[in-house]
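Have a look at the structure below, then the notes.
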Amino acid sequence: MTKAWWKAAGIRALKTFAQTALATIGTTAVLSNINWVTVVSASALAAVLSVLTSIAGLPEVK
Numbered sequence: 463m464t465k466a467w468w469k470a471a472g473i474r475a476l477k478t479f480a481q482t483a484l485a486t487i488g489t490t491a492v493l494s495n496i497n498w499v500t501v502v503s504a505s506a507l508a509a510v511l512s513v514l515t516s517i518a519g520l521p522e523v524k
């Protein structure tokens, strides 16, 4: 787990966070008012899972 690995994993996790936030906002907005606690908690969980998945390997880092 080098500095390059952490950088690539962090970028992936940030992208995953943003994608999940957008999807959750879209879903909750259709159903009712946006529940920000749900949006942030689902997005944070997705980001953590992204980092854990990155342990298996990142094509960006040898």
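In the numbering used here, the protein residues as written are 463 to 524. C-beta: ideal position from N, C-alpha, C; glycine also. Here the structure is a predicted model, which means the values were calculated and not measured.
Residue j beta carbon less than 8 angstroms from that of residue i
| i | j | result |
| --- | --- | --- |
| residue 508 | residue 482 | yes |
| residue 504 | residue 486 | yes |
| residue 470 | residue 522 | yes |
Residue i to residue j span [Cα, whole Å]
| i | j | result |
| --- | --- | --- |
| residue 463 | residue 513 | 12 angstroms |
| residue 520 | residue 506 | 20 angstroms |
| residue 510 | residue 496 | 22 angstroms |
Helix, strand or coil at residue i [DSSP, three-state]
| i | result |
| --- | --- |
| residue 464 | coil |
| residue 502 | helix |
| residue 513 | helix |
| residue 519 | coil |
| residue 473 | helix |
| residue 487 | helix |
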